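The opening position of the sequence shown corresponds to residue 1 in the UniProt record's numbering, with each subsequent residue numbered one higher. Read the structure below first, then the notes.
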Amino acid sequence: MSHLARTHPRLTFATLVGLAVGVFAPAATVTTKFLLGWNIAVWLYLALTIWLVIRSKACDVKSTAEVEDENASMVLITVCIAAIASLAAVTLELSGSIVTDTDRLIHYGFTGLTVVGSWLMIGVIFSLHYARLFYNNDGPEPALRFPEGLLDPDYWDFLYFSFTLNVAVQTADVSIATREMRKAVLGHSLLGFLFNTAVLGFTINIAAGLF
Numbered sequence: 001m002s003h004l005a006r007t008h009p010r011l012t013f014a015t016l017v018g019l020a021v022g023v024f025a026p027a028a029t030v031t032t033k034f035l036l037g038w039n040i041a042v043w044l045y046l047a048l049t050i051w052l053v054i055r056s057k058a059c060d061v062k063s064t065a066e067v068e069d070e071n072a073s074m075v076l077i078t079v080c081i082a083a084i085a086s087l088a089a090v091t092l093e094l095s096g097s098i099v100t101d102t103d104r105l106i107h108y109g110f111t112g113l114t115v116v117g118s119w120l121m122i123g124v125i126f127s128l129h130y131a132r133l134f135y136n137n138d139g140p141e142p143a144l145r146f147p148e149g150l151l152d153p154d155y156w157d158f159l160y161f162s163f164t165l166n167v168a169v170q171t172a173d174v175s176i177a178t179r180e181m182r183k184a185v186l187g188h189s190l191l192g193f194l195f196n197t198a199v200l201g202f203t204i205n206i207a208a209g210l211f
């Protein structure tokens, strides 16, 4: 745990807070406890990461990528599995819940918050992974080719690349130049398709319940 806290401090802190909330929250079901803990962890991590993005320059991105490269694949896979589990938990929550009209909007708002948070989490965690792949690439060519020939991209550049995949499941004006990057983009594209489909499905479900 101490090693993970050193290499991924923001994720570790957010996870511990989320676990504490999930364990001690006075919720009725295990599913609700999981979703409460997940939401706290996700939105706290997103806030901490946005602060990192705002205050970091390209040189900071490189140094952070070198530190966070340890256990990077394990962390990425774990977060993706947890995000998919959150979708399954939302499905169970929607199908098994009986709420009054007074609580219905709150219930659907909580569901929407979970889905949006998970979708944002995927985009952010992959943007950090792309930064690691870019700055830890030992090949003669950069792993990503930006249109202006940028060789020292910052977090905003990686967020742009990541969320283009999140939204459109395709790249725009950034070219992929290494096998490792293509593998990551393939996994991201499959997850993006899953989440976009889930968002559409949940939106239809919520709209049908409101009208």
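C-beta: ideal position from N, C-alpha, C; glycine also. If you're wondering where the values come from, they're calculated on a predicted model, not measured in any experiment.
Can you check whether the CB of Ala-41 is closer than 8 Å to the CB of Thr-64? Mapped onto the sequence shown, residue 64 falls at position 64. Mapped onto the sequence shown, residue 41 falls at position 41. Here Thr-64 is not near Ala-41, since their CB atoms are 8 Å or more apart.
DSSP three-state label for Ser-73, please. Taking the sequence shown and counting its residues from 1, one reaches residue 73 at position 73. Of the three classes helix, strand and coil, the one that applies to Ser-73 here is helix, per DSSP.
Please say whether Val-21 and Leu-11 have beta carbons closer to each other than 8 Å? For this step, residue 11 is matched to residue 11 along the sequence shown. For this step, residue 21 is matched to residue 21 along the sequence shown. Their beta carbons are not under 8 Å apart, which means Leu-11 does not touch Val-21 by this criterion.
Identify every run of the alpha helix (DSSP H) within the stretch 149-180, keeping only runs that are complete inside it and at least 4 residues long; order them along the chain. Within the stretch 149-180, the runs of alpha helix (DSSP H) at least 4 residues long that lie entirely inside it are, in chain order, 155-168.
Can you tell me where the alpha helix (DSSP H) with Thr-12 in it begins and where it stops? Residue 12 sits at position 12 when you count from the first residue of the sequence shown. DSSP places Thr-12 inside the alpha helix (DSSP H), whose first and last residues are 9-24.
Less than 8 Å separating the beta-carbons of Leu-144 and Ala-177? Taking the sequence shown and counting its residues from 1, one reaches residue 144 at position 144. Taking the sequence shown and counting its residues from 1, one reaches residue 177 at position 177. Their beta carbons are under 8 Å apart, which means Leu-144 touches Ala-177 by this criterion.
C-beta contact flag for Thr-111 and Ile-206 at 8 Å: Locating residue 111 in the sequence shown gives position 111, counting from the first residue. Locating residue 206 in the sequence shown gives position 206, counting from the first residue. Contact flag set, yes.
Nearest-angstrom Cβ-Cβ length linking Phe-195 and Ile-122, presumed shorter than 8 Å: Counted from its first residue, the sequence shown places residue 195 at position 195. Counted from its first residue, the sequence shown places residue 122 at position 122. Their Cβ separation, rounded to whole angstroms, is 6 Å, which keeps Phe-195 and Ile-122 in contact under 8 Å.
Just to confirm the assignment, what range does the alpha helix (DSSP H) spanning Glu-68 have? In the sequence shown, counting from the first residue as 1, residue 68 sits at position 68. Its alpha helix (DSSP H) spans residues 58-68.
Contact the stretch 78-93 vs the stretch 161-170: 3+ CB pairs below 8 Å: Contact between the stretch 78-93 and the stretch 161-170 is absent, because fewer than three Cβ pairs lie under 8 Å.
Where the alpha helix (DSSP H) through Phe-34 begins and ends: Numbered from its first residue, the sequence shown carries residue 34 at position 34. Per DSSP, Phe-34 belongs to the alpha helix (DSSP H) from 30-55.
Looking only at C-alpha atoms, which of Thr-7, Asp-152 and Lys-33 sits nearest to Leu-92? Taking the first residue of the sequence shown as 1, we reach residue 92 at position 92. Ranking Thr-7, Asp-152 and Lys-33 by Cα distance to Leu-92 puts Lys-33 first.
On the DSSP bridge list, what partners appear for Leu-133? What you label residue 133 is simply residue 133 of the sequence shown in a count that begins at 1. Bridge partners of Leu-133 according to DSSP: none are assigned.
Under 8 Å between the Cβ atoms of Val-23 and Leu-44? Residue mapping note: residue 23 aligns to position 23 of the sequence shown, counting from 1. Residue mapping note: residue 44 aligns to position 44 of the sequence shown, counting from 1. Contact: no.
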